[in-house]
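Note sheet for the following structure.
In my numbering, the protein residues as written are 141 to 296.
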């Protein structure tokens, strides 16, 4: 089970060190940290489940998470230094796969409701956050495409 929340202000230095936040202003890091809590997951523990309400992003600090597609198994993994989860950003706010800790995982959980409110209140912050998330989405799609090509080549 994840650990209880901590005061987001105390997480600002941790959030600032995460690669997702590279070159982010101190003020924007403070906005993110205001939506943050420190969490831990044991190996085998679910971070989220396909179809459930999506209301988080995770700045992975340590460990590896398997992204599981029902009927297909592990589609890929996410590791320390990556952002996991962006389904809170667009309706219907549902997860599209399971995320299960393969190893012990330490992460900063970012609350999606809190982030949406801050993005609406500060469009400049919202644009920067969305741009950073889209970069992560693009990286994940590129990895999936390359994985699919490897699978296709191996099937010949």
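The C-beta atom is built at its ideal place from N, Cα and C for all residues, glycine as well.
On a predicted model such as this, the values are computed, not experimentally measured, just so you know.
Between which two residues does the beta strand (DSSP E) containing residue i stretch?
i, result
"residue 204", "204 to 209"
"residue 172", "Where residue 172 is concerned, there is no enclosing beta strand (DSSP E), although the alpha helix (DSSP H) it sits in stretches over 166 to 173."
"residue 241", "238 to 241"
Exposed or buried, what is residue i when buried is set at 16 or more other beta-carbons lying within 10 Å of its beta-carbon?
i, result
"residue 257", "exposed"
"residue 279", "exposed"
"residue 255", "buried"
"residue 222", "buried"
"residue 202", "exposed"
"residue 227", "buried"
"residue 143", "Residue placement at residue 143 is flagged as unreliable, the pLDDT there being 44, under the threshold of 50; a coordinate-derived value is accordingly withheld."
"residue 192", "exposed"
Since residue i and residue j should fall inside the 8 Å C-beta cutoff, what is the C-beta to C-beta distance between them, to a whole number of angstroms?
i, j, result
"residue 195", "residue 253", "6 Å"
"residue 171", "residue 265", "6 Å"
Which partner residues of residue i appear in the DSSP bridge assignment?
i, result
"residue 178", "248"
"residue 200", "247"
"residue 219", "204"
"residue 234", "193"
"residue 224", "198"
Please state the DSSP three-state secondary structure of residue i.
i, result
"residue 189", "coil"
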